[in-house]
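Step one of this worksheet: look at the structure below.
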Amino acid sequence: MIPELITGDDMNAELCASDGVGHDYRPHLVPHPTNPALDRTYLRCVFCHAVSCGNYGETDPCIEHYHHEPKPHRAASGVTWPIGGDRP
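Structural data, given as structure tokens:
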């Protein structure tokens with residue numbers, strides 16, 4: 011699975027509950043444990059259900075799990091910066 015589609019795999023979290031901001035829906039595959047014909051795919055917001063926002067290659071990436079405005083980016087070091095803005 012590509013990094014931007016990594017999710018917490020919460021089977022009850024198929025629909026996004028965050029209001030008023032742009033969701034980024036991507037296909038999410040839930041494989042059936044024994045029968046591939048029963049696999050299912052649905053759209054899920056990668057911001058609401060991502061493990062973390064940050065790029066794995068960054069030294070101190072954003073660690074926010076649920077990431078919609080007005081919540082800013084936040085690194086483990088405590089540095090914050092606005093969504094769409096430059097990191098200080």
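Throughout, the numbering used here is defined as the position within the sequence shown, counted from one, plus 10.
The beta carbon of each residue, even a glycine, is placed where N, CA and C say it ideally should be.
- Non-local beta-carbon contacts of residue 98 in its own chain, meaning distances under 7 angstroms to residues more than five positions away in sequence, involve 89 and 91 in chain order.
- Annotation for residue 36: the continuous beta strand (DSSP E) segment containing it runs 35-40.
- When secondary structure is reduced to three states using DSSP, residue 47 falls in the helix class.
- Setting aside the 5 residues that flank it on each side, residue 51 is surrounded in the same chain by 37, 38, 39 and 40, each with a C-beta closer than 8 angstroms to its C-beta; the list follows chain order.
- For residue 85, the three-state secondary structure derived from DSSP is strand.
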